[in-house]
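For our numbering, add 49 to where a residue sits in the sequence shown, where the first one is 1.
All remarks here apply to the structure that follows.
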Amino acid sequence: MKGTQRLEQLYKQSLKPPEESSKQLPLAHILTKPVAYYPQEPADWQFDIVEIGPGTGDFLFHQASQHPTHRILGIELGNKRFGKISDRLILRNITNVTLMHADARIALYKYIPDNSIKKCFLLFPDPWPKNSHAHRRLLQQDICRQLGRALTPGGEFILATDVQDYATWARGNLLKVDCLKDTSPATALTVEPEGLMTTYFKQKWIAWGRSFWYVRFEKK
């Protein structure tokens, strides 16, 4: 069974899967959307590693192989990407990863409890560079507050981006969350945190000659 067919079966017939364009809609509408899981809904929402928007899944698979005893969650909105990642999880027999098909805002507002994430990654998200699209960017102030709530004390959030303005904008919003402290290097945001790997999108941006910026925050 292909991943997209598997996704269809995960939803009841009376429910429509989340639309990939749902991130453009008001939050009140987003929160009414159903979600799905592979292989199943977690009974325990305590996770060592969470990745928002895993894309091709390369980073998830790397973390799963490097940390086989860690509980890992990937939150993916795209229908096709969810299907492809679940296919790869089956082929590689990876059992310590849960995949959630949802808008990240749904996960943070409705499902992920307080003090439940040790480390969260957001790697090369769509920066929505136009001012008219700014409302579509994921790291709005309310989402940053939800991230702060969800991290465990000492837990860490790491953002990687190839757009300097996005890094500056996101860092500004995260600085407004009282429970978070900035642990990015004081001299530059271009210092790559340890433990990151070269993902599909990073390889693409390297080939295009782009630079990279990293934002790191820790829960107090």
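Beta carbons are placed, not taken as given, at the ideal position from N, Cα and C, and that holds for glycine.
Just so it is clear, the structure is predicted and the values come from calculations on it, not from any experiment.
| query | result |
| --- | --- |
| Coarse secondary structure for Leu-109, derived from DSSP in three states | helix |
| When Gly-104, Trp-94, Lys-129 are compared against Lys-251, the one with the closest alpha-carbon | Gly-104 |
| Residue interval of the beta strand (DSSP E) (run including Arg-265) | 262-268 |
| Top-ranked residue by Cα proximity to Pro-174, from Asn-145, Ser-181, Ile-139, Tyr-215 | Tyr-215 |
| His-116 (DSSP reduced to helix, strand or coil) | coil |
| Reference Ile-134; option with closest CA among Ser-233, Phe-96, Ala-113, Arg-154 | Ala-113 |
| Opening and closing residue of the alpha helix (DSSP H) in which Thr-217 lies | 213-224 |
| Three-state secondary structure assigned by DSSP to Cys-169 | strand |
| Chain-order list of residues whose beta-carbon lies under 6 Å from that of Tyr-87 (same chain, five-residue window excluded) | Ser-135, Leu-148 |
| Three CB pairs or more closer than 8 Å across the segment 177-186 and the segment 243-250 | no |
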